[in-house]
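2 protein chains.
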Amino acid sequence: MTFAGLRNDALLRALRREPATRTPVWLMRQAGRYLPEYRATRARAGSFLTMAKTPELACEVTLQPLARFDLDAAILFSDILTVPDAMGLGLYFVEGEGPKFQRPVRSAADVAKLAVPDMGRELRYVMDAVALCRRELSGRVPLIGFSGSPWTLACYMIEGGGSDNFSIIKAMMLDDPATLHRLLDVVTDAVIAYLWAQRDAGAQALQVFDTWGGVLAPHHYREFSLPYLTRIAEALRAGRQKTEDRGQNGEQPGNLQQEPLHDAEHIPLILFGKGNAPYLEELAASGADAIGVDWLVSLEDARRRTQGRVGLQGNLDPAVLYGSPAAIGAEVRRTLADYARGGDGSLTGLVFNLGHGLSPDMDPEHVRALVDAVHAHPQA
Amino acid sequence: MTFAGLRNDALLRALRREPATRTPVWLMRQAGRYLPEYRATRARAGSFLTMAKTPELACEVTLQPLARFDLDAAILFSDILTVPDAMGLGLYFVEGEGPKFQRPVRSAADVAKLAVPDMGRELRYVMDAVALCRRELSGRVPLIGFSGSPWTLACYMIEGGGSDNFSIIKAMMLDDPATLHRLLDVVTDAVIAYLWAQRDAGAQALQVFDTWGGVLAPHHYREFSLPYLTRIAEALRAGRQKTEDRGQNGEQPGNLQQEPLHDAEHIPLILFGKGNAPYLEELAASGADAIGVDWLVSLEDARRRTQGRVGLQGNLDPAVLYGSPAAIGAEVRRTLADYARGGDGSLTGLVFNLGHGLSPDMDPEHVRALVDAVHAHPQA
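As given, the protein sequences belong to chains A and B, one line each in that order.
First residue of the first sequence: 1415, per our numbering; consecutive thereafter.
First residue of the second sequence: 1415, per our numbering; consecutive thereafter.
Okay, here's the thing in structure tokens:
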């Protein structure tokens, strides 16, 4: 299908590291509980999963923050655990406790049963939501699709939910690393297929969330997270498993092709990781277009260390939103100045974001102050 | 009073960066719930606070891990929140929720009421426990005293307990930094007096826990945590507020003296911080004797960056204890090899520890495997 032309390409220009006329800004979890209209949709849906699995509702909340704020991108409303759910683990939510799996992966036999899900069947609802969002956006701003990273998905799959200490996956990492690698391997294949399918459905940029890479010691990060992130970036760049565009409503599974990708068909990939600052040089060499960083590194440092090889996304401490609008403005300006100082003084290659997601107790008016402060700042 | 001569000085030699004959090892939270004998004492005491505030019970649990494992130091069993408790905030514990304060500090008026507590009165129970531990240790290994860092104590004092996002203290940091600095100032004075008093009571080394410094963006860490850590290190080195030894049972408040410290009277200070890896160069210049690091940096890197200016303490991922004894041994050897590779190949200046504390669900036999693996490793 064809979509309307893109009227605000600030995000894509930044991800291609083209001179900026406007610093793009979007915010992780910008469609979320801090918005009363989100809470209203959530109440109507009855459950988080119903909302995520119903394309019309997912699209509705995806667009909500754009109606309020001058944001430069939409990010699909979904959950990072859709892929393991589609692999048969049985995702469910307990109020106040976060996501859980009915059937966590604990043994080599459990791992052997895992397979890449069929994107047109088990994950069709995601692709339908992508296509619907893209249509509804009508070229206003680009749509970002996303996935959890293999390591982060493995954490939830093995622990069976969130964890304070990752004791089960780390025990497997130490005592049966081959089984963990087999799991990461199939999950990586699934993530690549999932990102391709989102691209085919209409996503114009992609982000991988490596939320838990930062709990690993450096030698473990380099063995269990980084190589799989790199494989994803390489696969998306190489054009493996390129699929033809689907029919308008996504009914037809795409035709798999192994042909290389033409340059014009490449859509940018952002690798976001909490705690990824020690690995910026390696991440910049992964093949990704941009690296998303948390607030524990200055953008001056991050830019200097990546030397314009990639774009950078970040990195205001989300807790800055608990401060006054004046303080938020000052911290935004400091962040922009940091980035400028790390390079040629310009803001080329910067996507403004938080270092992590928005929280439910944040004030939407403070979010507005942030977005407006980014756009009020001169470009150089 | 005089104490028995020290028979195992491996810790103090490492902290002075003298050639090692044995790599000293102790473990954060080595006296804790993972030990059945600790749980028995805790049950007899009735509450955590009774145990911490009764010198005989605090001493009993301080010594318990030494009866089991070949550890090279004892660390006083206490809580980092004793100082704010003595400042009148009303420390209490809710089962399963961690520490809380009845009267958190929220305003400039609250801060104005804070004063350095009298170490011989409000914190006498800590000093009595230190003296008793030192006597009971009878020179077997050195006794480490400790305090929370000013920033970390301020987090609890302002949030009123633990926090996921530090929203209250970060809002104060942004909107009323002068008030936060006044709080940090008086807390720093209190921490310095507290560490001196522990030294006077018999502590042979000191550690400051900056548990929450790592939640700060770099410019905030350098404004709200690092300078106060440096002030503590400088004060302990300069000999400010040196007090005469107390009477045997600590009844007499020490005589305050402003005289400089003689070299022989200096006792080593370890600055531990979760997430402090980005600041190792600055911490090495603080005046501290050693820097304790978490597991998110390799000791090879840490040693190279600090160039023998300080000792290093750490840094096994505590979750390694969920692995098998064989895996624990392998990770211990890797950690030691990392440290050796970062310098002249020796283990001089290394205090082996975890990157954070032991957890209640850890197996004491795995702790034994760790301690024994450190001591089984050749020195160079």
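Ideal placement from N, C-alpha and C gives every residue a C-beta, glycine not left out.
Handout entry: CB contact below 9 Å: ASN1663 (chain A) versus chain B
Key = Unreliable placement is indicated for ASN1663 (chain A), whose pLDDT of 44 sits below 50; the coordinate value is still reported in the next sentence. It does not; no Cβ of chain B falls within 9 Å.
Practice task
Take every Cβ of the segment 1421-1434 of chain B, pair it with every Cβ of the segment 1753-1772 of chain A, and state whether three or more of those distances are shorter than 8 Å.
Solution key: no
Exercise for the section: Could you tell me how far apart the beta carbons of LEU1609 (chain B) and LEU1620 (chain B) are, in whole angstroms, since I believe they sit closer than 8 Å? Expected result: 5 Å
Handout entry: Three-way DSSP call (helix, strand, coil) for LEU1420 (chain B) in this model
Key = coil
Handout entry: Listed by chain order, chain B residues near TRP1626 (chain A) by CB distance under 7 Å
Key = Ordered by position in chain B, no residue passes the 7 Å Cβ test against TRP1626 (chain A), which lies about 12 Å from the chain.
Handout entry: Pairwise C-alpha distance: LEU1420 (chain B) and THR1602 (chain A)
Key = 56 Å
Practice task
May I have the straight-line CA-CA distance separating ALA1652 (chain B) from SER1561 (chain B), to the nearest angstrom?
Solution key: 19 Å
Handout entry: Neighbour flag for PRO1667 (chain A) against chain B, beta carbons, 9 Å
Key = Residue confidence is low: PRO1667 (chain A) scores 45 on pLDDT, short of 50, so the model does not pin down where it sits. Its coordinate-derived value is still stated next. Chain B contact via Cβ: absent.
Practice task
Check the Cβ-Cβ distances between ILE1705 (chain B) and every residue of chain A, and say whether any is below 9 Å.
Solution key: no
Handout entry: Chain-ordered neighbours of GLY1574 (chain A) on chain B, where CB pairs are closer than 9 Å
Key = What GLY1574 (chain A) touches in chain B: nothing, since even the nearest Cβ is about 15 Å away.
Problem - Three-state secondary structure (DSSP) of PRO1513 (chain B) - result: strand
Handout entry: Neighbour-count burial assignment, GLY1504 (chain B), 16 or more Cβ in a 10 Å radius
Key = exposed
Problem - Those runs of the alpha helix (DSSP H) which lie wholly inside the segment 1461-1512 of chain A and span at least 4 residues - result: 1462-1467, 1469-1482
Exercise for the section: Check VAL1629 (chain A) in the structure and name its three-state DSSP category. Expected result: helix
Practice task
Kindly identify the DSSP beta-bridge partner or partners of ASN1579 (chain A).
Solution key: In the DSSP output, where bridge partners are listed per residue, ASN1579 (chain A) has none listed.
Exercise for the section: Consider the Cβ of LYS1514 (chain B): report whether some Cβ of chain A lies at a distance smaller than 9 Å. Expected result: no
Problem - Where the beta strand (DSSP E) containing GLN1621 (chain B) begins and where it ends - result: 1619-1624
Exercise for the section: Mind checking the segment 1517-1529 of chain A against chain B and listing, in chain order, the residues whose C-beta falls within less than 8 Å of any C-beta there? Expected result: none
Problem - Environment of THR1416 (chain B) [buried if 16+ CB atoms lie within 10 Å] - result: exposed
Practice task
Have a look at THR1566 (chain B) and ALA1500 (chain A) and give me their C-alpha separation to the nearest angstrom.
Solution key: 42 Å
Problem - Where the beta strand (DSSP E) containing GLY1559 (chain B) begins and where it ends - result: Per DSSP, the unbroken beta strand (DSSP E) holding GLY1559 (chain B) starts and ends at 1557-1562.
Practice task
Count the CB pairs spanning the segment 1504-1520 of chain B and the segment 1436-1448 of chain B that are closer than 8 Å, and state whether there are at least three.
Solution key: no
Handout entry: Alpha-carbon spacing of VAL1724 (chain B) relative to PRO1692 (chain B), whole angstroms
Key = Roughly 16 Å separates the two Cα atoms.
Problem - With 16 other Cβ atoms within 10 Å as the buried cut-off, status of PRO1450 (chain B) - result: exposed
Problem - Neighbouring residues, chain A, relative to LEU1710 (chain B) (Cβ below 9 Å) - result: GLY1628, VAL1629, LEU1630, ALA1631, PRO1632, TYR1635, GLY1689, PRO1692
Problem - Neighbour flag for LEU1597 (chain B) against chain A, beta carbons, 9 Å - result: no
Handout entry: Alpha-carbon to alpha-carbon, LEU1546 (chain B) and VAL1707 (chain A)
Key = 49 Å
Handout entry: Enclosing beta strand (DSSP E) for ALA1445 (chain A) [first to last residue]
Key = No beta strand (DSSP E) holds ALA1445 (chain A); DSSP gives it neither H nor E.
Problem - Where ILE1646 (chain B) falls: helix, strand or coil (DSSP) - result: Note: ILE1646 (chain B) maps to helix in three-state DSSP.
Exercise for the section: Take LEU1640 (chain A) and list the residues in its own chain whose beta-carbon comes closer than 7 Å to its own, dropping the five residues that flank it on each side. Expected result: Once the five neighbours on either side are set aside, the close Cβ partners of LEU1640 (chain A) are TYR1693, GLU1696.
Handout entry: ASP1851 (chain B) vs PRO1518 (chain B) beta-carbon contact at 9 Å
Key = Nothing can be reported for residue 1851 (chain B), as the shown portion of chain B is limited to 1415 through 1794.
Practice task
Please work out which residues of its chain come closer than 6 Å, Cβ to Cβ, to LEU1735 (chain A), disregarding the five sequence neighbours upstream and downstream, and give them in chain order.
Solution key: MET1776, HIS1780
Practice task
Below 8 Å CB to CB, which residues in the same chain sit around MET1465 (chain B) once its five sequence neighbours on both sides are set aside?
Solution key: THR1455, ARG1456, ALA1459, LEU1471, ALA1472, VAL1475, PHE1491
Practice task
Check PRO1778 (chain A) in the structure and name its three-state DSSP category.
Solution key: helix
Handout entry: LEU1726 (chain A) to ARG1719 (chain A) span [Cα, whole Å]
Key = 11 Å
Practice task
Have a look at MET1442 (chain A) and GLN1618 (chain B) and give me their C-alpha separation to the nearest angstrom.
Solution key: 48 Å
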